[in-house]
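Engineer: Residues 469 to 770 (my numbering) make up the sequence shown, in order.
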Amino acid sequence: MAFEGVRKAVVPAAGLGTRFLPATKATPKEMLPVVDKPAIQYVVEEAVAAGLDDILFVTGRSKRPLEDHFDRNYELEQVLESKNDLERLALVRESSDLARIHYVRQGDPLGLGHAVLVARHHVGHEPFAVLLGDDLIDTRDPILNRMIAIRNEFGGSVLCLMQVPRETISLYGCVSVEGEPVDGVVTVTDLVEKPDVVSAPSDLAIIGRYILDPAVFAVLKETAPGRGGEIQLTDALRVLATMPPDQGGGVRGVVFDGRRYDTGDKLSYLQAVITLASEREDIGPELKDWLHNFCQREIAGD
Ligand code: UTP
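1. Shortest alpha-carbon distance to Val526 belongs to which of Pro633, Ala494, Ala477 and Val516?
2. What residue from Cys642, Gly652 and Ala745 has the CA that sits closest to Val665's CA?
3. How is the alpha helix (DSSP H) around Ala709 delimited, first residue to last?
4. Answer yes or no: do Gly528 and Glu698 have a C-beta to C-beta separation smaller than 8 Å?
5. Is it the case that the CB of Pro577 approaches a heavy atom of ligand 1 more closely than 7 Å?
6. If you follow the beta strand (DSSP E) that Ser563 is in, where does it begin and where does it stop?
7. Would you call the CB atoms of Asp609 and Arg727 closer than 8 Å?
8. Are the segment 734–752 and the segment 512–519 in contact at 8 Å, needing three or more beta carbon pairs?
9. Look at the Cβ atom of Lys734, then the Cβ atom of Phe488, and state whether they are nearer than 8 Å.
10. Per the DSSP calculation, Gly826 is bridged to which residue(s)?
11. Work out the CA separation of Gly718 and Met711 for me, nearest whole Å.
12. Does the distance between the C-beta of Gly412 and the nearest non-hydrogen atom of ligand 1 fall short of 7 Å?
13. Could you tell me if the beta carbon of Leu688 falls within a distance shorter than 7 Å of some heavy atom in ligand 1?
14. Quick check: Ser644 and Asp658, are their CB atoms within less than 8 Å of each other?
This is the structure we're talking about:
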């Protein structure tokens with residue numbers, strides 16, 4: 469059976485970002501810079517690299533910086549042009565030339581599941597990708613293409629899973645799987661959002677990349693608020709996992725073992741920025757020297 473291809477990506481950016489206040493009071497957390505680019509630009513670049521150039525942002529109250537970033541800035545372009553600063557001009561134009569970008573408002577931030585539900589009119593009856601700005605996947609370890617290939621082969625929905633230290637599983641959605649992985653692909657039988665360490669069914673965490681069958685929309689419509697009073701995508705996936713394939717059911721997972729950076733809270737965000745900056749040719753060597761000296765001073769207690 470041939471399944472319809474994946475063309476569209478949905479990027480939810482309407483959360484309150486409370487872990488990053490006050491920075492996120494008037495700016496979506498997805499706009500926080502990782503070195504010199506907003507986190508969300510990395511995510512859009514990843515989607516485009518996987519052939520998805522129709523991007524829908526689900527936005528909340530402070531969507532202005534997002535819209536401006538992915539739009540032209542003629543004034544700035546003119547200034548750079550007049551200075552013949554072509555390098556910076558290219559950087560400014562990069563984000564507005566990336567993809568066809570669309571926006572939809574979530575209204576109230578009722579949860580990730582609800583954010584996906586408001587994308588339904590734009591997505592229609594096609595499978596689609598969801599990418600969360602909290603998770604950055606290193607361009608050297610792409611996973612989205614593989615997830616799309618799994619969807620094309622089996623239909624249903626596909627999750628990106630990562631083995632995490634068991635004591636940290638309560639920070640993530642977690643899955644139960646059936647049997648052993650075949651080529652790194654597992655069949656997901658159940659899901660639970662942020663379980664206790666003791667009751668967690670596995671150490672496989674769901675990270676922020678999904679390929680979803682459009683059947684998810686009908687399920688989300690019926691999904692009651694779950695953990696934290698939010699409409700959880702995990703709860704809808706739980707239902708999809710038990711539905712028959714001819715109704716868009718079935719959930720598979722691919723176990724990702726590449727480089728991923730979490731930018732969702734302050735500490736992991738700083739770690740992501742330092743890791744990525746250290747690898748950059750332009751600033752990496754100097755930063756590493758400085759870090760080295762800084763750590764030595766800290767250890768010596770100066
Ligand atoms: P998070 O739970 O990590 O984001 O949602 P948050 O609620 O903004 O962050 P904290 O916990 O308060 O700091 C994961 C993703 O889903 C989006 C967020 O923007 C983030 O990209 N989201 C979440 C929505 O778009 N709408 C929602 O109602 C909730």
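Ideal Cβ positions, reconstructed from N, Cα and C, are used throughout, including at glycine. Everything numeric in this text was worked out from a predicted model, so none of it was measured.
Structural biologist: Judging by the given coordinates:
1. Ala477
2. Relative to Val665, the option among Cys642, Gly652 and Ala745 whose CA is nearest is Cys642.
3. Leu701 to Thr710
4. no
5. yes
6. Where Ser563 is concerned, there is no enclosing beta strand (DSSP E), given that its DSSP letter is neither H nor E.
7. yes
8. As far as the Cβ criterion goes, the segment 734–752 does not touch the segment 512–519, which means the pair count is below three.
9. yes
10. No answer is possible for residue 826: it lies beyond the span of the chain, which begins at 469 and ends at 770.
11. Their backbone Cα atoms lie some 6 Å apart in a straight line.
12. Limits of the chain in this structure are 469 at one end and 770 at the other, which puts residue 412 out of reach.
13. no
14. Yes.
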